[in-house]
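*Asks:*
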Amino acid sequence: QFGKGGLAQGADADGFVPVPKRAAGVFRVVRVHQREPARAETWNISAAQRDHLAGRYLLPQPRNALAIAVREHAAASMDVSDGLVGDLAKLCRESGLSAAVEAQRIPTSEAADVVLDADDTMLTPVLTGGDDYEILCAVSDHQAAAFMHAAAAAGVPVTEIGRMVAGDDPPKIFTSDGE
Numbered sequence: 038q039f040g041k042g043g044l045a046q047g048a049d050a051d052g053f054v055p056v057p058k059r060a061a062g063v064f065r066v067v068r069v070h071q072r073e074p075a076r077a078e079t080w081n082i083s084a085a086q087r088d089h090l091a092g093r094y095l096l097p098q099p100r101n102a103l104a105i106a107v108r109e110h111a112a113a114s115m116d117v118s119d120g121l122v123g124d125l126a127k128l129c130r131e132s133g134l135s136a137a138v139e140a141q142r143i144p145t146s147e148a149a150d151v152v153l154d155a156d157d158t159m160l161t162p163v164l165t166g167g168d169d170y171e172i173l174c175a176v177s178d179h180q181a182a183a184f185m186h187a188a189a190a191a192g193v194p195v196t197e198i199g200r201m202v203a204g205d206d207p208p209k210i211f212t213s214d215g216e
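Read in my numbering, the sequence shown has 187 at position 150, and its numbers run on one by one without any break.
1) Skipping 5 residues on each side, what residues in its chain have a beta carbon closer than 7 Å to that of C174?
2) Excluding sequence positions up to five away, which residues of its chain have a Cβ less than 6 Å from the Cβ of S213?
3) For V193, report the span of its alpha helix (DSSP H) as first-last.
4) So for S135, helix, strand or coil by DSSP?
5) Keeping to the same chain, check which residues put their C-beta closer than 7 Å to that of E139; ignore five residues upstream and five downstream.
6) So is D169 buried or exposed if we call it buried at 16+ other beta carbons inside 10 Å?
7) In chain order, which continuous runs of the alpha helix (DSSP H) of length 4 or greater are located wholly inside the region 148–184?
8) For G199, which of helix, strand or coil comes out of DSSP?
9) Buried or exposed for E147, please, with buried defined as at least 16 other CB atoms from any protein chain shown within 10 angstroms of its CB.
10) With a CB to CB cut of under 7 Å and the five nearest residues on each side skipped, what residues in its chain are close to V56?
11) What is the rounded straight-line gap between the Cα of D156 and the Cα of A85?
12) Which residues mark the beginning and the end of the alpha helix (DSSP H) in which A106 is found?
13) Please list the terminal residues of the continuous beta strand (DSSP E) segment that includes I210.
14) For D205, which beta-bridge partners are listed by DSSP?
15) Go ahead and pull the three-state DSSP assignment for L125.
16) Out of Q98, A182, T145, D124, which has the shortest C-alpha to C-alpha gap to P207?
17) Pull up the distance between the alpha-carbon of A136 and that of V195, whole angstroms please.
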């Protein structure tokens with residue numbers, strides 16, 4: 038139904054296209070707006086929100102419209118199928134870099150917002166839940182405006198959530214209080 042082919046040229050068998058180590062600090066980590074986490078049944082959300090989440094989980098809508106923008110402007114990309122934190126760690130490991138991400142910039146669904154408003158300790162499950170089928174990519178500063186424009190033209194909202202940084206530490210997710 039959704040066609041074949043990868044989003045990025047030069048990807049390995051797992052879909053990784055590493056960011057060059059010399060590029061640390063000049064790449065933005067961009068995340069396509071997150072759909073909803075798949076574990077709605079563990080949260081106190083409305084039946085309508087739960088049904089919406091289940092529908093998105095059972096019939097994912099891959100971001101094929103973003104393929105050209107990613108291919109032309111991103112230095113590295115991958116789908117988010119094992120949770121944002123886990124997949125970002127994979128992208129960083131393959132690139133020989135780390136990342137600094139601002140939690141408040143990560144787009145979340147209405148259902149996740151309800152849960153987080155009620156219990157901010159649910160941030161970890163929201164960021165580590167899988168089956169998002171969204172795109173995580175690293176875009177250089179000089180490609181950022183063109184990428185954002187191409188994504189908007191494709192009708193796919195994207196958000197800069199952090200930066201690739203030098204080092205081999207796991208990615209760091211910072212909350213608004215700096216932790």
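Heads up, the beta-carbon is just placed ideally off N, CA and C, and yes, glycines get one too.
*Replies:* Concretely, from the data shown:
1) V67, V107, A111, A113, S114
2) Q141
3) Careful: V193 lies outside any alpha helix (DSSP H) and carries neither H nor E.
4) strand
5) I198, G199, F211
6) buried
7) 160–165
8) strand
9) exposed
10) Low per-residue confidence applies at V56: pLDDT is 48, beneath 50, and the placement is therefore not dependable, though the value from the model is reported in the following sentence. Taken in chain order, the residues that qualify are F64, A112, A113, S132, L134, A175, M201.
11) 20 Å
12) 104–110
13) 209–211
14) Looking at the DSSP assignment, D205 forms no beta bridge with any residue, so it has no partner.
15) helix
16) D124
17) 18 Å
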